[in-house]
Amino acid sequence: MGGDLFEAIDPRPARQPIAEGATLLRGFALADERELIAALRAILAEAPFRQMITPGGHTMSVAMSNCGAVGWVTDRKGYRYDAIDPDSGRPWPPMPAVLMDLAVRAASEAGFANFHPDACLINRYVPGAKMSLHQDKDEADFTAPIVSVSLGLPAVFMFGGAKRSDKPQRFALEHGDVVAWGGAARLAFHGVAALKDGEHPLLGRQRINLTFRKAR
Ligand code: MD3
Ligand code: FE
Numbered sequence: 001m002g003g004d005l006f007e008a009i010d011p012r013p014a015r016q017p018i019a020e021g022a023t024l025l026r027g028f029a030l031a032d033e034r035e036l037i038a039a040l041r042a043i044l045a046e047a048p049f050r051q052m053i054t055p056g057g058h059t060m061s062v063a064m065s066n067c068g069a070v071g072w073v074t075d076r077k078g079y080r081y082d083a084i085d086p087d088s089g090r091p092w093p094p095m096p097a098v099l100m101d102l103a104v105r106a107a108s109e110a111g112f113a114n115f116h117p118d119a120c121l122i123n124r125y126v127p128g129a130k131m132s133l134h135q136d137k138d139e140a141d142f143t144a145p146i147v148s149v150s151l152g153l154p155a156v157f158m159f160g161g162a163k164r165s166d167k168p169q170r171f172a173l174e175h176g177d178v179v180a181w182g183g184a185a186r187l188a189f190h191g192v193a194a195l196k197d198g199e200h201p202l203l204g205r206q207r208i209n210l211t212f213r214k215a216r
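Numbering of the sequence shown is given in the UniProt record's numbering, commencing with residue 1 and proceeding in unit increments.
Next up, the structure:
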């Protein structure tokens, strides 16, 4: 009864198909926000954010770290997944249960059963940081989805098509939003517009995005 009423007036439905294979779960991570942030702080104490270098020699505006069996890295030699953090020479911190469970539940909710991520890339955007249109192609198995979790300041996400030239649709990703990208969406071009300044009550002047991947 009351549920129907709220459904009628809530401008942000809980589950929104945004494209073939892509499902937006608004606020899905909110119930775990404090536990997620505490787990991230522990990971980042072992593997701090760093701005990596692209093969073309550019420093990325987004700072990155990883947890899990492997982590995504880039340097002058190329893009790849590696079990060792090149900054510390040690393995990446393991993926905490609170992160793993959230990713698996979100994938399942979006229709991707048996998601077994082995990598979580942690992206940090400060005001002005952006990510240009790209495809995620460094994983071994494109039948597995990628699950993304947005925390902190809102961002404008750009979701394009199979070709770089396909005009992207733009939509806002806010604190707590989770998206599962699989099927036809898995190899779509996508990016993030330059982060607008602001202050988030829990995270301050930044946006943190987690992407859970099956890399191997
Ligand atoms: C659509 N990160 O790390 S998350 C990336 O907000 C990346 O930091 C962005 O793109 C961020 O590679 C976007 C949403 C996302 C992630 C992977 C996708 C969308 C995707 C893979 C295929 C299609
Ligand atoms: Fe990506």
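Glycine included, each C-beta is placed from N, C-alpha and C at the ideal position. As the structure is a prediction and not an experimental result, all values here were calculated from the model.
For R105, the three-state DSSP class (helix, strand or coil) = By 1-based counting over the sequence shown, the position of residue 105 is 105. R105: helix per DSSP, three-state reduction.
Assign P201 to one of two classes, buried (16 or more other C-beta atoms within 10 Å of its C-beta) or exposed (fewer than that).
-> One-based indexing of the sequence shown puts residue 201 at position 201. Around the C-beta of P201, fewer than 16 other C-beta atoms lie within 10 Å, and the residue is accordingly described as exposed.
In terms of DSSP beta bridges, what is H200 paired with?
-> Indexing the sequence shown from 1 puts residue 200 at position 200. Residue pairing by DSSP places H200 opposite G204 in a beta bridge.
With a CB to CB cut of under 6 Å and the five nearest residues on each side skipped, what residues in its chain are close to F115?
-> Taking the sequence shown and counting its residues from 1, one reaches residue 115 at position 115. Hits under 6 Å: V104 and A107.
Kindly indicate which residue of L40, W181, F112 and Q206 has the alpha-carbon position closest to the one of S65.
-> Taking the sequence shown and counting its residues from 1, one reaches residue 65 at position 65. Nearest to S65 by C-alpha distance, out of L40, W181, F112 and Q206, is L40.
Pick from G183, S61, R90 and R213 that is closest to Y125, judged by C-alpha positions | In the sequence shown, counting from the first residue as 1, residue 125 sits at position 125. Nearest to Y125 by alpha-carbon distance, out of G183, S61, R90 and R213, is S61.
Return the residue from the list F112, Q169 and A184 that minimises the CA-CA distance to A193.
-> Here the question's residue 193 lines up with position 193 in the sequence shown. Nearest option by C-alpha distance: Q169.
Touch test, the segment 171 to 179 against the segment 29 to 36, Cβ-Cβ under 8 Å, three pairs minimum = Under the 8 Å Cβ criterion, the segment 171 to 179 counts as touching the segment 29 to 36, having at least three qualifying pairs.
Could you name the residues of the same chain whose beta carbon sits closer than 6 Å to that of T74, not counting the 5 residues immediately before and after it, in chain order?
-> Mapped onto the sequence shown, residue 74 falls at position 74. Taken in chain order, the residues that qualify are M52 and T54.
Decide if G2 is buried, meaning its Cβ has at least 16 other Cβ atoms within 10 Å, or exposed.
-> Locating residue 2 in the sequence shown gives position 2, where the first residue counts as 1. For G2, the pLDDT reaches just 48, beneath the cut-off of 50, and the residue's location in the model is therefore unreliable, although a value from the coordinates is still provided. So G2 ends up on the exposed side.
According to DSSP, is L187 helix, strand or coil?
-> For the purposes of this step, residue 187 is taken as residue 187 along the sequence shown, with counting starting at 1. Here L187 sits in coil by DSSP.
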